[in-house]
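Written below as structure tokens is the structure these notes are about.
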Amino acid sequence: METLSLILHVTAAAALVGPQILLFLAVIPATRELSDDDRSAVTRSVTRRFGMIAGVSLVALLVTGLYQFYEVVPVAVQEEMNDFRFGPLFMAKMTLFLVLIALIAVHAAWLGPRIQAALDAGTAAEGARDALARLRRRSLWVSAAMVAVSLLVLALGVAMGHHEYAYLAR
Numbered sequence: 777m778e779t780l781s782l783i784l785h786v787t788a789a790a791a792l793v794g795p796q797i798l799l800f801l802a803v804i805p806a807t808r809e810l811s812d813d814d815r816s817a818v819t820r821s822v823t824r825r826f827g828m829i830a831g832v833s834l835v836a837l838l839v840t841g842l843y844q845f846y847e848v849v850p851v852a853v854q855e856e857m858n859d860f861r862f863g864p865l866f867m868a869k870m871t872l873f874l875v876l877i878a879l880i881a882v883h884a885a886w887l888g889p890r891i892q893a894a895l896d897a898g899t900a901a902e903g904a905r906d907a908l909a910r911l912r913r914r915s916l917w918v919s920a921a922m923v924a925v926s927l928l929v930l931a932l933g934v935a936m937g938h939h940e941y942a943y944l945a946r
């Protein structure tokens, strides 16, 4: 069961991080060449699908991560985490995981809807195009932060999974 849980955990991490990188480096830059209406339609469709993948991945990561902690990590390490390298790695990973969830929530609940509302309102009005450009820049920065935080979470997960390193006393 440990191996299956690890496979599911890594698969969920790949399903969460891979599309982030694809969106950030390929999809969104490619949509800049489209009209606002086409760009909006593509972005809405892709991000809706990514949202479903991200939601399932986050739940799978939480469930398999809890299983890994309680069933794979030695009891001595669980009880005295900070006596081992595992403790700071675990705390950093969980903190960054929460930061990632917050960034995803901000992007999905605040930035995305505002960009869509600005597009729906049209960009013909004075200053509307500038406002839309500012929102898109904020979206880009939040997306960049999501990718960076996701990669850090992955790196910490790899370090935690290297038992010869993580289970050494500090």
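Quick note: the sequence shown uses this note's numbering, first residue 777, plus one each step. The C-beta atom is built at its ideal place from N, Cα and C for all residues, glycine as well. The structure presented is a predicted model; accordingly, all values stated were derived computationally and were not measured.
Check your understanding: Sorted by chain position, which residues of the same chain lie with C-beta nearer than 8 Å to Thr840's C-beta, five sequence neighbours on each side aside?
Key -> Residue numbering aside, residue 840 sits at position 64 when the sequence shown is read from its first letter. Ser781, Leu782, Leu784, His785, Ala788.
Quickly, what does DSSP pair Ala945 with across the bridge? List them, please.
Working through the sequence shown from its first residue, we reach residue 945 at position 169. For Ala945, which the question treats as bridged, DSSP gives the partners Phe860.
Quiz item: Exposed or buried, Met828, counting other C-beta atoms within 10 Å across all chains shown (16 or more means buried)?
Solution: The count along the sequence shown starts at 1 and reaches residue 828 at position 52. Met828 comes out exposed.
Query - Other residues of its chain near Leu810: CB distance less than 8 Å, five sequence neighbours each side excluded - result: For the purposes of this step, residue 810 is taken as residue 34 along the sequence shown, with counting starting at 1. So the list reads Val818, once near-sequence residues are dropped.
message = Our contact map puts Ser915 next to Ile891 with C-beta atoms below 8 Å; I'd like the distance itself, whole angstroms only.
response = In the sequence shown, counting from the first residue as 1, residue 915 sits at position 139. In the sequence shown, counting from the first residue as 1, residue 891 sits at position 115. Right, their Cβ atoms sit about 6 Å apart.
On the three-pair Cβ rule with 8 Å, is the stretch 856-871 touching the stretch 925-936? In short, these stretches touch, since the Cβ pair count reaches three.
- Query: Is the beta carbon of Val793 sitting closer than 8 Å to the one on Leu908?
  - Reply: Reading the sequence shown from its first residue, position 17 is the one you call residue 793. Reading the sequence shown from its first residue, position 132 is the one you call residue 908. The answer is no: Cβ separation not under 8 Å.
Practice prompt. Kindly indicate which three-state DSSP category Glu809 falls into: helix, strand or coil?
Written response: Numbered from its first residue, the sequence shown carries residue 809 at position 33. Glu809 falls in the coil class under three-state DSSP.
* **Cβ-Cβ distance between Arg825 and Ala942 below 8 Å** => As a first step, residue 825 is located in the sequence shown; it is residue number 49 there, counting from the start. As a first step, residue 942 is located in the sequence shown; it is residue number 166 there, counting from the start. Cβ atoms of Arg825 and Ala942: not closer than 8 Å.
Could you name the residues of the same chain whose beta carbon sits closer than 7 Å to that of Met857, not counting the 5 residues immediately before and after it, in chain order? Within the sequence shown, numbered from 1, the residue matching residue 857 stands at position 81. Here the set comprises Gly863, Phe866.
I'd like to know whether the C-beta atoms of Thr823 and Gly888 end up nearer to each other than 8 Å. As a first step, residue 823 must be located in the sequence shown, where it is residue number 47. As a first step, residue 888 must be located in the sequence shown, where it is residue number 112. Annotated as proximal: Thr823 and Gly888, with beta-carbon spacing under 8 Å.
Taking the C-alpha atoms as reference points, what is the distance between Val923 and Val832? In the sequence shown, counting from the first residue as 1, residue 923 sits at position 147. In the sequence shown, counting from the first residue as 1, residue 832 sits at position 56. The straight-line gap separating the alpha-carbon atoms of Val923 and Val832 is approximately 18 Å.
Next on the checklist: Assuming contact is defined by CB atoms lying nearer than 8 Å, are Glu847 and Glu778 in contact in what I supplied?
Outcome noted: Along the sequence shown, read from residue 1 onward, the residue named residue 847 stands at position 71. Along the sequence shown, read from residue 1 onward, the residue named residue 778 stands at position 2. Judged by their CB atoms, Glu847 and Glu778 are nearer to each other than the 8 Å cut-off.
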